[in-house]
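**Student:** Please find one structure pasted underneath; my questions will follow.
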Amino acid sequence: MAVRGWILPALFLSCTLLPLLTSAFLRFPGHHFGHPHHHHHHHHHHHHPHHFGHFHHPHDAENIEEPNDSKGEEGDQLFPILDNQEPLPEEGGDSGEPISEDDVPKDGGQEPEQPISEHDLPKDGGQEPGTAQGALREGFYAQSCPQAENVVNQIMNKHFRRDPTLAAAIVRLFFHDCFVTGCDASILLDVTPTGEDVEKKAPHNGEFVRGYEAIDDIKTQLEAECPGVVSCADILAFANRDSLVLAAVPRYNVAAGRRDGLASLAKNVDHNLPLPGNSAQEIIQIFEKKGMTIEEMVVLSGAHSIGTAHCSIVADRFHDPEKSKEIDRGYLLGCRP
């Protein structure tokens, strides 16, 4: 199992597990709120601007300080056991050079994609066979792109000022990426070589997951400053951390070095994500398949601190004579699906 140091930050995760179908709206006092170049064949992931969707060029990104400068425990990160991609070559390693285009499969060079079985997902730390435990590390881009985390922070602050609900949305986006085939940014892909529907088109993603524009914005800026260096998977991990900091979670360090995934299939989503209608035993089994304990499942499932759920998620219980007895009358009257 992975180190438990990340559990405390994870307490603030919301709009993730049991309320998965929430659109991730935040409530803030005083506020009332009623894709790097990716037409995406993932071979571009490390080298060229992606096409996740439309660009939002961050030329006006401001230098904004994070609202909370307190440091979490060193090494804390969210979903570390799901980082199952082979890490990027570490800086200062054998070559000391950023990954080259020759290292990434080109279009036409990829083998046909096969559905990914939940049994193929690594356990016990999320490491693939042959990958050294702890290969991800803090300060991964200190030499190749030292401003990477600062760029992510600046642009997240900019988008958060426009829409404070974005914090919960990014946390949810990251969770929906990590819990399917690991933290590989596969949820960002718009197309796949086989022409099948990608993860973002799965019923439990689709309109219920958002935040892609902010990630596009970050990747565009990083490609301008450090072409082909920072992976989309690491961008998502950094953006997730900054989203939690914006929601008043103490800052924690994020280890980096993830590779971007090449496969993205909608068919892999539903049997990997815990859903609102799942029984407790079903959710326990889903988490166990990811190498998580019941304690970790409870911590993450109960982290309802920065998001709210749609009435439609629990509407079926209103008409159940037994279940409706347990629902607060005031909530029942205020929630009309």
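Per mature numbering (1 follows the signal peptide of the UniProt record, and there is no 0), the sequence shown runs over residues -24 to -1, 1 to 313. Idealized CB from N, CA, C, for every residue including glycine.
1) Nearest-angstrom Cα distance between isoleucine 289 and cysteine 202?
2) If you drop the 5 nearest sequence neighbours on each side, which residues of the same chain put their C-beta closer than 8 Å to that of isoleucine 260?
3) Taking just the CA atoms, how far does isoleucine 211 sit from proline 122?
4) Just to confirm before moving on: does the CB-CB distance between asparagine 248 and phenylalanine 151 stay below 8 Å?
5) Considering just the uninterrupted stretch of the alpha helix (DSSP H) at phenylalanine 184, what are its terminal residues?
6) What residue ranges within the segment 208 to 272 form continuous alpha helix (DSSP H) runs of no fewer than 4 residues, ordered along the chain?
7) Pull up the DSSP beta-bridge partners for arginine 113, would you.
8) Between which two residues does the alpha helix (DSSP H) containing isoleucine 146 stretch?
9) Is there contact here, the segment 236 to 245 with the segment 163 to 178, by at least three beta-carbon pairs under 8 Å?
10) Are the C-beta atoms of alanine 144 and some chain D residue less than 8 Å apart?
11) Just to check my reading of the structure: leucine 112 and arginine 234 have Cβ atoms closer than 8 Å, yes? What is that Cβ distance to the nearest angstrom?
12) When the Cα of alanine 239 is compared with those of Val127, Pro140 and Ile163, which residue comes out closest?
13) Taking only the alpha-carbon atoms, compute the straight-line gap between lysine 195 and cysteine 208 and give it to the nearest angstrom.
14) So, is arginine 138 buried or exposed, given that buried needs 16 or more other C-beta atoms within 10 angstroms?
15) Look at the alpha carbon of proline 250 and the alpha carbon of aspartate 153, and state the distance between them as a whole number of angstroms.
16) Comparing C-alpha positions only, which one of Asp236, Phe136 and Pro226 sits nearest to glutamate 204?
17) Under the rule that 16 or more other beta-carbon atoms within 10 Å means buried, what is glutamine 197, buried or exposed?
18) Output yes or no for whether 8 Å exceeds the beta carbon distance between aspartate 218 and asparagine 126.
19) Going by C-alpha to C-alpha distance, which of Ile146, Cys159, Tyr117 and Ala190 sits closest to lysine 266?
20) Could you check how far apart the C-beta atoms of valine 147 and asparagine 216 are, in whole angstroms? I think they sit under 8 Å.
21) Just the Cα atoms here: how many angstroms apart are alanine 143 and valine 275?
22) Figure out for me which residue from Ala224, Ile191 and Ala200 has the closest Cα to the Cα of phenylalanine 214.
23) Under 8 Å by Cβ, that's how I've got alanine 232 and phenylalanine 116 pegged, so tell me the actual separation to the nearest angstrom.
24) Quick one: what does DSSP say valine 274 is sitting in, helix, strand or coil?
25) Alpha helix (DSSP H) containing residue 327: first to last residue?
26) Cysteine 287: which of Glu258, Pro252 and Ile262 sits nearest, CA to CA?
27) Looking only at its own chain, which residues have a Cβ that is under 7 Å from the Cβ of phenylalanine 136, when we skip the five neighbours before and after it?
28) Give the C-beta separation of valine 206 and alanine 124 to the nearest angstrom, bearing in mind that I take them to be a contact with Cβ-Cβ under 8 Å.
29) So glycine 187 and alanine 145 are in contact, right, with Cβ under 8 Å, and what is the actual spacing, rounded?
30) What does a CB cutoff of less than 6 Å around glutamate 114 pick up in its chain, not counting 5 residues either side in sequence?
31) Among Ser277, Ala256, Ile282 and His180, which one has its Cα closest to the Cα of valine 225?
32) So, helix, strand or coil for threonine 196, using DSSP?
33) When burial is assigned at 16 or more other CB atoms within 10 Å of the CB, is alanine 161 buried or exposed?
**Tutor:** Judging by the given coordinates:
1) Each residue's alpha carbon lies about 42 Å from the other.
2) Result list for isoleucine 260: Ile270 and Met273, in chain order.
3) Cα to Cα, proline 122 sits roughly 14 Å from isoleucine 211.
4) Not closer than 8 Å, so no.
5) Segment: none, phenylalanine 184 is in no alpha helix (DSSP H) and carries neither H nor E.
6) Listed in chain order, they are 208 to 222 and 256 to 265.
7) Ala232.
8) Run containing isoleucine 146: 142 to 157, per the alpha helix (DSSP H) assignment.
9) Because the criterion of three Cβ pairs below 8 Å is met, the segment 236 to 245 and the segment 163 to 178 touch.
10) Here chain D cannot be found, since the structure has a single protein chain.
11) Leucine 112 to arginine 234, Cβ: 7 Å. Contact.
12) When only C-alpha atoms are compared, the closest one is Ile163.
13) Computed Cα separation, rounded: 7 Å.
14) Exposed, since its Cβ has fewer than 16 Cβ neighbours within 10 Å.
15) Those two C-alpha atoms are separated by around 13 Å.
16) Inspection of the sequence shows that residue 204 is occupied by glycine rather than by glutamate. Residue Asp236 holds the alpha-carbon nearest to the alpha-carbon of glycine 204 among Asp236, Phe136 and Pro226.
17) Glutamine 197 should be labelled buried.
18) No. Outside cutoff.
19) Checking every option, the nearest Cα to that of lysine 266 belongs to Cys159.
20) Contact between valine 147 and asparagine 216 holds: CB atoms are separated by about 6 Å, below the 8 Å threshold.
21) Going by the C-alpha atoms only, they are around 19 Å apart.
22) Looking at the Cα atoms, Ile191 is the closest of the given residues.
23) Contact holds; Cβ gap of about 4 Å.
24) Here valine 274 sits in helix by DSSP.
25) Residue 327 lies beyond the stretch modelled for the chain, which goes from -24 to 313, so this question has no answer here.
26) Minimum Cα distance to cysteine 287 is reached at Pro252.
27) If we look at phenylalanine 136 and ignore the five residues flanking it on each side, its Cβ neighbours are Leu142, Ala143 and Leu222.
28) Rounded, the Cβ-Cβ distance is 5 Å, consistent with contact.
29) About 4 Å separates the beta carbons of glycine 187 and alanine 145, which is inside the 8 Å limit, making them a contact pair.
30) Cβ neighbours of glutamate 114 beyond the five flanking positions: Asn229 and Ala231.
31) Distances from the alpha-carbon of valine 225 to those of Ser277, Ala256, Ile282 and His180 put Ile282 closest.
32) Residue state, collapsed to three classes: helix.
33) Burial call: buried.
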